[in-house]
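J.: To start, I am sharing the structure in question, which I have written as structure tokens.
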Amino acid sequence: MLFDLDGTLVDQESAAAAAAAAVGWAAEYGVTGVEVAAEWAVVSEKHYRRYQRFKLERLGLAAEIDLLIAGDTLPAGKPDPRAFAHALQRLDAAPHDVMMVGDSLTNDVRGARAVGIDAVLVDRSGRHAQAGVPRVRSLVQVLDVVRR
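Each residue of the sequence shown is one higher than the one before, counting from 1 in the UniProt record's numbering.
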């Protein structure tokens with residue numbers, strides 16, 4: 001099973017609030033706009049995998065993860081089919097052996113389906129009711145979808 005981390009397993013809203021606070025702090029020191037974005041990109045790309053591992057450890061999930069495939073190790077970002085093909089290769093699995101669980105209809109669900117991977121949308125707000133894809137409101141419901 002492939003899980004998207006941010007927004008699916010991890011609360012992304014708190015991270016966004018922290019990022020907004022960091023931008024505000026930088027502005028107080030005269031660092032704004034493009035400079036902040038450029039520095040953030042350099043730092044996040046350099047440490048992305050380690051940061052994702054840290055989040056899993058903080059949640060107590062690190063021991064449950066057999067393989068962490070971070071965005072900085074992919075040949076292309078989601079929803080590009082190469083991202084999912086890379087994951088299949090790393091898992092040594094065929095598309096029919098894997099299920100993608102994510103919170104983005106485009107990046108996670110449609111991206112996975114483009115290479116033949118079944119996918120489940122975590123739609124906590126219910127805003128994608130007409131999407132025509134398997135949906136759950138919480139991760140607890142994923143097993144119900146798998147059993148179908």
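Glycine included, C-beta positions come from ideal geometry on N, C-alpha and C.
Keep in mind that this is a model prediction, so the values were computed, not measured.
What residues match up with residue 10 in a beta bridge as DSSP calls it?
T.: 6
J.: Could you spell out where the alpha helix (DSSP H) holding residue 121 opens and where it closes?
T.: No alpha helix (DSSP H) holds residue 121; the beta strand (DSSP E) holding it covers 118–122.
J.: Using the beta-carbon count (16 or more within 10 Å), is residue 112 buried or exposed?
T.: buried
J.: Going by Cα to Cα distance, which pick from 57, 74, 135 and 10 is closest to residue 126?
T.: 135
J.: Considering only C-alpha positions, which residue in the set 71, 67, 58 and 54 is nearest to residue 107?
T.: 71
J.: Could you tell me the distance, in whole angstroms, from the CA atom of residue 78 to the CA atom of residue 69?
T.: 12 Å
J.: Considering only residues of the segment 54–102, which uninterrupted alpha helix (DSSP H) runs meet the minimum length of 4 residues and lie entirely inside it, listed in chain order?
T.: 81–91
J.: With a cut-off of 9 Å, does the C-beta of residue 57 fall near any C-beta of chain B?
T.: Absent from the structure is chain B; it holds one protein chain and no more.
J.: Rounded C-beta distance between residue 133 and residue 109? I'm assuming under 8 Å.
T.: That pair is a contact at about 5 Å.
J.: What does DSSP give as the partner residue(s) for residue 136 in the beta ladder?
T.: As DSSP reads the structure, residue 136 sits in a beta bridge with 122.
J.: Buried or exposed for residue 44, going by 16 or more other Cβ atoms inside 10 Å?
T.: The predicted position of residue 44 is uncertain, since its pLDDT is 49 and thus under 50; a value taken from the coordinates is nonetheless stated next. Flag for residue 44 reads exposed.
J.: Could you give the residue range of the alpha helix (DSSP H) that holds residue 142?
T.: 142–147
J.: At the level of alpha carbons, what is the spacing between residue 81 and residue 117?
T.: 10 Å
J.: By how many angstroms is the C-alpha of residue 143 removed from the C-alpha of residue 60?
T.: Roughly 20 Å separates the two Cα atoms.
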